[in-house]
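K.L.:
Residue numbers (full-length UniProt numbering): 1 to 370.
Ideal Cβ placement from N, Cα and C applies to all residues, glycine included.
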Ligand SMILES: Cc1ncc(COP(=O)(O)O)c(C=O)c1O
């Protein structure tokens, strides 16, 4: 047989497939459980906004038609709501697709990519696919990105420096004022990619400004956003990327013509209008994140300071993998981080109060027995 691996482009054969959180149905089937909750993929615990649901149902009735390839009405809504220039927006089937496209467009074997250690796994994956050198920069002791060390790692061949802010799977964030000063110092030849999948949950930074407002000042800035988290549309797959017109035009040439489906476009527009749902989501998250911090303090666990809709808990002294397995037996799916080589840490998505109570109860029982 022909060795098709040797035909594959770039570094595709060097990467492992993305490991997603276990689906609820799979856990029910495998363990014979009926009541399973998933606190593993940072989804919205309140489901979808009713307004978005209604818009998606309506749109599905026109499923025989291709969607608007340019997503005019969603871009228009983003412009109306936040003032973003429509020519600077690329829409994607989730922000993951847009990150992939950006890397496909700009990363190759002649360049390197810099990112903080324990970054969202897609950055190192796409760097490898492009045949580029990936440079992971160690975090500071408080698990935040070390901006000075990152600047020192960037050289004339650094095509992209990529951050998730707040980060995933760690959850820490760089304050706006520090990010702004950092971008100013990055050479203009390096693209600064700020992945803001968890932006809406990043409360408490009194210096916060919408980083997209810096696009006018920095030609090399790229900002990525998603409807998967705070807006509750993970299953519909829709996100957007903001960049200068030239970069946007390149991404638009590369993307598939109808990459965002008709239901996702309609739901995203409606979700942007449902401010009440967004507020309920963010308020619950802020309140419950505080409860996780209190729980961890009371139970001698170390929770990394989170600005996102999940918490990373260091179970040092306990077997985190065993805890994840036992929680699964109780119908609670959490996320081990072995893929990130963080074997003592579990990432737990913040759920509703009831879901979190269930986790606290089961975890307390487990901590007493193991
Ligand atoms: C930091 C970060 N960026 C991007 C994504 C991709 O999300 P989506 O493709 O659903 O927009 C995720 C998903 O978990 C993420 O954690």
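Residues with a Cβ closer than 6 Å to any heavy atom of ligand 1, in chain order?
P.N.:
In chain order, the qualifying residues are 42, 94, 95, 96, 120, 164, 168, 195, 197, 226, 228, 234 and 239.
K.L.:
Would you mind working out which of 154, 84 and 147 sits nearest residue 114, comparing C-alpha positions?
P.N.:
Position 114 of the chain shown holds residue 114. For residue 114, the nearest C-alpha among the options comes from 154.
K.L.:
Extract the residue ranges of the alpha helix (DSSP H) inside the stretch 255 to 281, only unbroken runs of 4 or more that lie entirely within it.
P.N.:
262 to 273, all fully within the stretch 255 to 281.
K.L.:
Please state the DSSP three-state secondary structure of residue 112.
P.N.:
Residue numbering aside, residue 112 sits at position 112 when the chain shown is read from its first letter. Here residue 112 sits in strand by DSSP.
K.L.:
So residue 289 and residue 311 are supposed to be a Cβ contact under 8 Å. How far apart are they, rounded?
P.N.:
As a first step, residue 289 must be located in the chain shown, where it is residue number 289. As a first step, residue 311 must be located in the chain shown, where it is residue number 311. Residue 289 to residue 311, Cβ: 7 Å. Contact.
K.L.:
Using the C-alpha atoms, what's the distance from residue 163 back to residue 244?
P.N.:
By 1-based counting over the chain shown, the position of residue 244 is 244. By 1-based counting over the chain shown, the position of residue 163 is 163. Cα-Cα distance, rounded: 18 Å.
K.L.:
Name the residue from 190, 189 and 212 whose alpha carbon lies nearest to the alpha carbon of residue 79.
P.N.:
Residue numbering aside, residue 79 sits at position 79 when the chain shown is read from its first letter. Nearest of 190, 189 and 212 to residue 79, Cα basis: 212.
K.L.:
Can you tell me where the alpha helix (DSSP H) holding residue 73 begins and where it ends?
P.N.:
Position 73 of the chain shown, counting from 1, holds the residue named residue 73. Note, residue 73: alpha helix (DSSP H), 72 to 82.
K.L.:
List the whole-angstrom C-beta distance separating residue 323 from residue 315, where the pair is believed to meet the contact cut-off of C-beta under 8 Å.
P.N.:
Numbered from 1 along the chain shown, position 323 holds the residue referred to as residue 323. Numbered from 1 along the chain shown, position 315 holds the residue referred to as residue 315. Confirmed, about 6 Å.
K.L.:
Answer yes if the stretch 50 to 57 comes into contact with the stretch 253 to 273, meaning at least three C-beta pairs across the two stretches below 8 Å, and no otherwise.
P.N.:
Judged by Cβ distances under 8 Å, the stretch 253 to 273 makes contact with the stretch 50 to 57, as three or more pairs qualify.
K.L.:
Between which two residues does the beta strand (DSSP E) containing residue 343 stretch?
P.N.:
Within the chain shown, the letter at position 343 stands for residue 343. Unbroken beta strand (DSSP E) run through residue 343: 342 to 349.
K.L.:
Only counting the same chain, and skipping five residues up and downstream in sequence, which positions put a Cβ closer than 6 Å to that of residue 351?
P.N.:
Counting from one through the chain shown, the residue named residue 351 turns up at place 351. Closer than 6 Å at the Cβ level, and outside the excluded window around residue 351, lie 39 and 45.
K.L.:
Residue 238 bridges to which residues according to DSSP?
P.N.:
The count along the chain shown starts at 1 and reaches residue 238 at position 238. Looking at the DSSP assignment, residue 238 forms no beta bridge with any residue, so it has no partner.
K.L.:
For residue 134, which residues does DSSP report across the bridge?
P.N.:
Stepping through the chain shown from its first residue, residue 134 is reached at position 134. According to DSSP, which records beta bridges pairwise, residue 134 is partnered with 113.
K.L.:
Answer with yes or no whether the minimum CB distance from residue 172 to chain B is below 8 Å.
P.N.:
No chain B appears in this structure, which consists of one protein chain only.
K.L.:
Residue 166 by DSSP, collapsed to three states: which one?
P.N.:
Residue numbering aside, residue 166 sits at position 166 when the chain shown is read from its first letter. Reduced to three states, the DSSP call for residue 166 is coil.
K.L.:
Tell me where the alpha helix (DSSP H) around residue 24 begins and ends.
P.N.:
Here residue 24 corresponds to residue number 24 of the chain shown, with the count starting at 1. Taken as a continuous stretch (DSSP letters only), the alpha helix (DSSP H) holding residue 24 covers 24 to 31.
K.L.:
Does the count of Cβ pairs from the stretch 22 to 41 and the stretch 342 to 356 closer than 8 Å reach three?
P.N.:
Touching, per the Cβ criterion.
K.L.:
Please give me, in chain order, every unbroken run of the beta strand (DSSP E) with length at least 3 that falls completely inside the stretch 145 to 231.
P.N.:
Whole beta strand (DSSP E) segments, 3+ residues: 158 to 164, 191 to 195 and 221 to 226.
K.L.:
Three-state secondary structure (DSSP) at residue 98?
P.N.:
Along the chain shown, read from residue 1 onward, the residue named residue 98 stands at position 98. Helix at residue 98.
K.L.:
Using a Cβ distance threshold of 8 Å, determine whether the stretch 251 to 259 contacts the stretch 169 to 181, with at least three qualifying pairs required.
P.N.:
Because the criterion of three Cβ pairs below 8 Å is not met, the stretch 251 to 259 and the stretch 169 to 181 do not touch.
K.L.:
For the alpha helix (DSSP H) that contains residue 366, what are its first and last residues?
P.N.:
Your numbering for residue 366 matches position 366 in the chain shown. From DSSP, the alpha helix (DSSP H) with residue 366 extends over 353 to 369.
K.L.:
Taking the alpha helix (DSSP H) that residue 312 belongs to, which residues open and close that run?
P.N.:
Taking the first residue of the chain shown as 1, we reach residue 312 at position 312. Careful: residue 312 lies outside any alpha helix (DSSP H), inside the beta strand (DSSP E) at 310 to 314.
K.L.:
On the criterion of 16 or more Cβ atoms from any shown chain inside 10 Å, does residue 209 qualify as buried, or is it exposed?
P.N.:
On the chain shown, residue 209 is found 209 positions in, with the first residue counted as 1. Classification for residue 209: exposed.
K.L.:
With which residues is residue 248 paired in a DSSP beta bridge?
P.N.:
Residue mapping note: residue 248 aligns to position 248 of the chain shown, counting from 1. Answer is none; residue 248 lacks a bridge partner.
K.L.:
Whose CA, out of 125, 345, 285 and 49, lies closest to the CA of residue 318?
P.N.:
Counted from its first residue, the chain shown places residue 318 at position 318. When each option's Cα is compared against that of residue 318, the closest is 345.
K.L.:
I'd like to know whether the C-beta atoms of residue 308 and residue 198 end up nearer to each other than 8 Å.
P.N.:
Stepping through the chain shown from its first residue, residue 308 is reached at position 308. Stepping through the chain shown from its first residue, residue 198 is reached at position 198. Contact flag set, yes.
K.L.:
Alpha carbon to alpha carbon, how far is residue 146 from residue 137? Give it in angstroms, no decimals.
P.N.:
Translated into positions along the chain shown, residue 137 becomes position 137. Translated into positions along the chain shown, residue 146 becomes position 146. For residue 137 and residue 146, the distance between alpha carbons rounds to 7 Å.
K.L.:
Below 7 Å CB to CB, which residues in the same chain sit around residue 94 once its five sequence neighbours on both sides are set aside?
P.N.:
Counted from its first residue, the chain shown places residue 94 at position 94. Correct list, in chain order: 226, 228, 237, 238 and 239.
K.L.:
Going by C-alpha distance, which of 180, 283, 366 and 235 is nearest residue 48?
P.N.:
The residue labelled residue 48 in the question sits at position 48 within the chain shown. Nearest option by C-alpha distance: 235.
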